[in-house]
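Student: Numbers given in the working numbering equal positions in the sequence shown, counted from 1, plus 1. The C-beta atom is built at its ideal place from N, Cα and C for all residues, glycine as well. There's a structure below that I have some questions on.
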Amino acid sequence: MAAVRDNVFPTRMNLTVTKTRLKGAQTGHSLLKRKSEALTTRFRVIVRKIEDAKLKMGKVMQNASFSLAEVAYITGDISYQVRESAKHATFKVAAKQENVSGVLLPAFEADVQSGAGQFELTGLGRGGQQIQKARSVYITAVKTLVELASLQTAF
């Protein structure tokens, strides 16, 4: 870039203008460098969290599958009862945005509402405890899925 030069008439005014332009360029460069460093550190933290969340996801889904198998063994097929007793969603996902150095990163947030009352009679004859345990394990699994999705959509 040394070959590209501005043809400037050598006056004091042009010297002042050139110095001002140089100062602005240096300030802009330092701001962009700080923004890049902030995004890089955020990216490294997110990659580390993704790795941990994936390992956690395997364990949580294994527990969820096992608890559903316990419910199916003890109570039989309860899918019809669950569909009939579910009137509204108790687990909702909200989308939000996080600001990192002027860059908006998408994020998801899990919102669990107290809806245990609508399933309190499910499995009353047999297996009620296992049904409630399976429900809590699956809520944990979905929370972990939301966390992982939030991390993976960030970058």
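How would you call V72, buried or exposed, if buried means at least 16 neighbouring beta carbons within 10 angstroms?
Tutor: buried
Student: Quick test of your reading: S68 and K134, contact by CB under 8 Å. State the CB separation rounded to the nearest angstrom.
Tutor: 6 Å
Student: Buried or exposed: which applies to V113, given that a residue is buried once 16 or more other Cβ atoms fall within 10 Å of its Cβ?
Tutor: Classification of V113: exposed, given that the 10 Å Cβ count is below 16.
Student: Can you list, in chain order, the residues of its chain whose CB lies under 6 Å from that of L106, leaving out five sequence neighbours each side?
Tutor: E99 and A155
Student: Which residues does DSSP list as the beta-bridge partners of A96?
Tutor: F109
Student: What residue does the alpha helix (DSSP H) around N8 start on, and which one ends it?
Tutor: From DSSP, N8 is part of no alpha helix (DSSP H); its letter is neither H nor E.
Student: With distances taken Cα to Cα, identify the nearest neighbour of G77 among G128, S37, K88 and S66.
Tutor: G128
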